[in-house]
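Asks:
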Amino acid sequence: METQQLKTMLSIEKSDFSQIPMKSYPKRRQISDYLHKLTDDERMSDDIFALAMNLFDRFIAKRTSFQTDDRSLKRIALCCYHISKKLRTNIVNNKENDQLSSIFLKENYDDEEIFDTEKMICSVLDWDLAAVVPHDYIQYFLPFENQIQIRSHVHILLSIAICELNTLTILPSLLTCACIKAAMNGLSLKNFHHIDDFIFQTIDCKKIELLQIQCMIEDFLQSCLQTLKQTPQRRCLAPIETSPQQRTRVK
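Under the UniProt record's numbering, the first residue of the sequence shown carries the number 1, and numbering increases by one thereafter.
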């Protein structure tokens with residue numbers, strides 16, 4: 001059953017990425033940081049952030065023209081986040097609804113404006129909203145050993161990577177595998193060659209390609225650690241080996 005599910009997901013992601021050319025746009029980093037903080041503050045699962053950014057990126061890629069002022073971009077981003085929550089959680093808790101409503105009110109968006117924006121997003125995306133995100137693959141590629149420790153780091157690395165423009169064109173499955181490899185390398189875990197074998201048997205990628213993406217992920221982490229200002233309200237990075245000697249290099 002799980003093997004068939006994985007094959008189906010891989011087929012869907014290739015179809016999605018071949019049809020929609022991703023593109024960069026002004027203030028993407030500002031939007032991704034905003035949505036990630038919102039997800040973190042509301043203690044939502046990381047896959048909700050990933051899906052919200054997926055919807056936002058695909059919407060921008062399909063729109064030939066759109067308003068780029070801060071208010072319009074933030075409204076679209078918030079609506080993508082709202083749609084993502086509806087798809088990935090069961091929003092029956094009044095407290096959760098009140099939290100999101102207060103966010104909309106704080107930004108001075110009325111109900112009709114939000115409804116029209118959500119309707120526009122769904123229309124532009126042809127109601128193709130339930131996308132496969134990198135987090136959906138973690139359970140399939142995570143090694144049996146040290147699962148909790150590795151999973152924690154993979155979630156952190158994926159959140160960092162999704163904020164970066166350079167990962168827009170990377171298949172979710174490949175991004176997940178690169179983050180798993182980077183996490184294992186950072187934790188100095190050895191003798192996991194069977195994971196490499198499974199990855200190359202399952203997804204269509206070359207060893208050098210996976211290694212390059214892993215290096216890119218590790219560079220993202222280094223950059224993040226240099227600029228990160230930890231606060232009590234935010235989850236900080238778990239301990240991980242970040243010395244230059246430990247980082248992967250493409251030979």
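In this text, a Cβ means the ideal position worked out from N, Cα and C, and glycines have one as well.
1. Less than 8 Å separating the beta-carbons of I48 and R75?
2. For N94, count the other beta carbons within 10 Å of its own beta carbon; 16 or more makes it buried, fewer makes it exposed. Which is it?
3. Just to confirm the assignment: which complete alpha helix (DSSP H) runs, minimum length 4, are found wholly within the UniProt domain "Cyclin-like" (33–123)?
4. Once the 5 residues before and after E118 are set aside, which same chain residues still bring their CB inside 8 Å of it?
5. Counting Cβ pairs closer than 8 Å, one from the stretch 199–209 and one from the stretch 149–166, do we hit at least three?
6. Apart from the five residues on each side of it in sequence, which residues of its chain come closer than 7 Å, Cβ to Cβ, to A178?
7. Is L73 buried or exposed, if buried means 16 or more other CB atoms sit within 10 Å of its CB?
8. Can you tell me whether R43 is buried or exposed, with buried defined as 16 or more other CB within 10 angstroms of its CB?
9. Between Y25, Q30, S45, which lies nearest to R58 when the distance is taken from Cα to Cα?
10. Who are the Cβ neighbours of I195 in its own chain at under 6 Å, not counting the five residues just before and after it?
11. Evaluate T167 with the Cβ neighbour count: other Cβ atoms within 10 Å of its Cβ, from every protein chain shown; 16 or more gives buried, anything less gives exposed.
12. Rounded to whole angstroms, what's the CA-CA distance from D128 to D41? Just pull it up for me.
13. Whole angstroms is fine: what's the gap from Q5's alpha carbon to N108's?
14. Can you give me the C-alpha to C-alpha distance between C122 and I114, rounded to a whole angstrom?
15. Grouping DSSP H, G and I as helix and E and B as strand, with all else coil, what is A161?
16. Just how far apart, CA to CA, sit M184 and S173?
17. Could you tell me the distance, in whole angstroms, from the CA atom of M9 to the CA atom of D70?
18. Do L175 and L221 count as a contact pair if the criterion is CB distance below 8 Å?
19. Got a sec? Which residues, its chain only, sit under 8 Å from I150 by beta carbon, not counting five neighbours each side?
20. Given this structure, state the Cα-to-Cα distance separating H135 from E112, to the nearest angstrom.
Replies: Result, derived from the coordinates:
1. The sequence position of residue 48 within the sequence shown is 48, counting from 1. The sequence position of residue 75 within the sequence shown is 75, counting from 1. For the 8 Å CB-CB criterion, I48 and R75 do not form a contact.
2. Indexing the sequence shown from 1 puts residue 94 at position 94. Bear in mind that a pLDDT of 48 at N94, under 50, signals an unreliable position, so the number given afterwards is only what the model happens to contain. When all chains shown are included, N94 counts as exposed.
3. Runs of alpha helix (DSSP H) with 4 or more residues, each lying fully within the UniProt domain "Cyclin-like" (33–123), are found at 46–62, 70–88, 94–106, listed in chain order.
4. In the sequence shown, residue 118 corresponds to position 118, counting from 1. Sequence-distant partners of E118 (beyond 5 residues in either direction) whose C-beta falls short of 8 Å from its own C-beta, in its chain, are C79, H82, I83.
5. The stretch 199–209 is not in contact with the stretch 149–166.
6. Within the sequence shown, residue 178 is the residue found at index 178, counting from 1. Same-chain partners within the cutoff: L210, I213, Q214, I217.
7. What you label residue 73 is simply residue 73 of the sequence shown in a count that begins at 1. Taking all protein chains in view, the Cβ of L73 is crowded by 16 or more other Cβ atoms within 10 Å, so the residue is classified as buried.
8. Here residue 43 corresponds to residue number 43 of the sequence shown, with the count starting at 1. R43 is exposed by the Cβ-count criterion.
9. For this step, residue 58 is matched to residue 58 along the sequence shown. That would be Y25, whose Cα lies nearest to the Cα of R58.
10. On the sequence shown, residue 195 is found 195 positions in, with the first residue counted as 1. Within the same chain, Cβ atoms closer than 6 Å to the Cβ of I195 are found at P143, the five residues on either side in sequence being excluded.
11. Against the sequence shown, residue 167 aligns to sequence position 167. A buried status is given to T167, since no fewer than 16 other beta-carbon atoms sit within 10 Å of its beta-carbon.
12. By one-based count along the sequence shown, residue 128 stands at place 128. By one-based count along the sequence shown, residue 41 stands at place 41. Roughly 27 Å between the two C-alpha positions.
13. Within the sequence shown, numbered from 1, the residue matching residue 5 stands at position 5. Within the sequence shown, numbered from 1, the residue matching residue 108 stands at position 108. Distance from the CA of Q5 to the CA of N108, rounded to the nearest whole angstrom, comes to 42 Å.
14. As a working note, residue 122 is residue 122 in the sequence shown. As a working note, residue 114 is residue 114 in the sequence shown. Each residue's Cα considered, the two are about 12 Å apart.
15. For the purposes of this step, residue 161 is taken as the residue at position 161 of the sequence shown. Assigned with DSSP and collapsed to three states, A161 falls in helix.
16. Within the sequence shown, numbered from 1, the residue matching residue 184 stands at position 184. Within the sequence shown, numbered from 1, the residue matching residue 173 stands at position 173. Between M184 and S173, the C-alpha separation is close to 17 Å.
17. Within the sequence shown, residue 9 is the residue found at index 9, counting from 1. Within the sequence shown, residue 70 is the residue found at index 70, counting from 1. Rounded to whole angstroms, M9 to D70 spans 34 Å at the Cα level.
18. As a working mapping, residue 221 is identified with position 221 in the sequence shown. As a working mapping, residue 175 is identified with position 175 in the sequence shown. For L221 and L175, no; Cβs fall outside 8 Å.
19. Residue numbering aside, residue 150 sits at position 150 when the sequence shown is read from its first letter. Taken in chain order, the residues that qualify are L142, P143, I180, A183, M184, L187, L189.
20. Along the sequence shown, one-based indexing puts residue 135 at 135. Along the sequence shown, one-based indexing puts residue 112 at 112. Put simply, the backbone Cα of H135 is about 33 Å away from that of E112.
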